[in-house]
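First up is the structure itself, then whatever we jot down about it.
2 protein chains.
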Amino acid sequence: MVKNLMKTTQCCDMRGMLSFLILWLLSKREMYGQEIAEEIGKRRGEKPNPGTIYPALKDLKARGLIRTEREGRRVVYSITEKGRIGTMRACIYFCKAFGEIFEEHKNICEQAS
Amino acid sequence: MVKNLMKTTQCCDMRGMLSFLILWLLSKREMYGQEIAEEIGKRRGEKPNPGTIYPALKDLKARGLIRTEREGRRVVYSITEKGRIGTMRACIYFCKAFGEIFEEHKNICEQAS
DNA sequence: ATTATTATATTGGACATCCAATATAATATT
DNA sequence: AATATTATATTGGATGTCCAATATAATAAT
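Chains as they are written, first to last, in our numbering: chain C, 133 to 245; chain Z, 133 to 245.
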């Protein structure tokens, strides 16, 4: 059972699009792993576990969408040009798929910014 | 491989939140199965397969979030009060998790409505 | 020098979402 | 009556996301 998402909504699983969210965050600025987890935690209400974040980051790197640079014990992740292009496309898809829900709850969205 | 979502964005899987989207659609008006599939198809660019829709609807019914009424060969699905409450909560979560992305692409979202 | 903390990495299991294929049933068409 | 179409339903397999636990490594604190 995915604990926090079912607890939050008490109706349906809200997981999904983790890689998209990671890429979108990295399109803003480069970050290291735990910063990404914290940013996701801010938005979702609960910080995801290492077991969620690091495999996803590994996969994004393998697909050439992000690059890494180690600085001591930290690995700094940044988006590649390929990743940036894909993220733009994903944003367009996302807005078409879910845009109405946001139009309906604009006041909540504005508070999120 | 999830064909249409990877094809659309060419970067990351955009699957997820199917049950949420179904519940949101049914909070607007009751529909039969293929209508739900068509509405999802309008938003995602491709109509999902029966193998995706019917198991999800079955599960939502089992959890008491929707109810069914057969009319000939069609089954009409409608949201329950429990489903409506959960959907409101899910919308709030959803807007907090992804609201910034929509603020950033307001023009695309307005076209979706 | 030692201990504590933070960061990364991995693994296996669970789960929702996706598909293609197949099957059954109710209408619609011929 | 027979055939075609549409709707529902199911199944097994694939995949991404989630978790808890464990492990290793680099700093920070003592």
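Even glycine gets a Cβ: it sits at the ideal position worked out from N, Cα and C.
- Message: Is the separation between the beta-carbon of Ile198/C and that of Ile185/C shorter than 7 Å?
- Response: no
- Message: Can you list, in chain order, the residues of its chain with a C-beta nearer than 6 Å to that of Glu171/Z? Leave out the 5 residues immediately preceding and following it.
- Response: Leu157
- Task: Please look up how many angstroms separate the CB atoms of Phe248/Z and Cys144/C, rounded, as I've assumed it's under 8 Å.
- Result: The structure shown does not extend to residue 248/Z, since chain Z spans only 133 to 245, so no value can be given for it.
- Three-state secondary structure assigned by DSSP to Glu201/C: strand
- Query: Going along the stretch 222 to 240 of chain Z in order, which residues come within less than 8 Å of chain C, judged by CB to CB distance?
  - Reply: Ala222, Cys223, Ile224, Tyr225, Phe226, Cys227, Lys228, Ala229, Phe230, Gly231, Glu232, Ile233, Phe234, Glu235, Glu236, His237, Ile240
- Mind pulling the chain Z residues with CB within less than 7 Å of Gln142/C? Gly218, Arg221
- Task: Compare the C-beta of Leu197/C with all C-beta atoms of chain Z and state if any pair is closer than 7 Å.
- Result: yes
- Message: Across the stretch 214 to 232 of chain C and the stretch 172 to 179 of chain Z, are there enough close Cβ pairs to call them in contact, namely three or more that are closer than 8 Å?
- Response: yes
- Distance, Cα to Cα, Tyr164/Z vs Arg206/Z? 6 Å
- Message: Strictly below 9 Å CB to CB, what residues from chain Z border Arg161/C?
- Response: Correct list: empty, because the minimum Cβ distance to chain Z is about 14 Å.
- Task: Just mark Gly218/Z as buried or exposed, buried being the case when its beta carbon has 16 or more other beta carbons within 10 Å.
- Result: buried
- Task: May I have the straight-line CA-CA distance separating Arg221/Z from Leu189/Z, to the nearest angstrom?
- Result: 19 Å
- Item | Contact set for Gly215/Z: own chain, Cβ-Cβ below 8 Å, skip 5 residues either direction | Leu155, Leu158, Ser159, Leu192, Gly196, Leu197, Ile198
- Message: Please list the terminal residues of the continuous beta strand (DSSP E) segment that includes Arg206/C.
- Response: 206 to 211
- Item | Three-way DSSP call (helix, strand, coil) for Met163/Z in this model | strand
- Task: Kindly indicate if chain C contains any beta-carbon less than 7 Å away from that of Gly173/Z.
- Result: no
- chain Z within 7 Å of Arg205/C, Cβ atoms only: no
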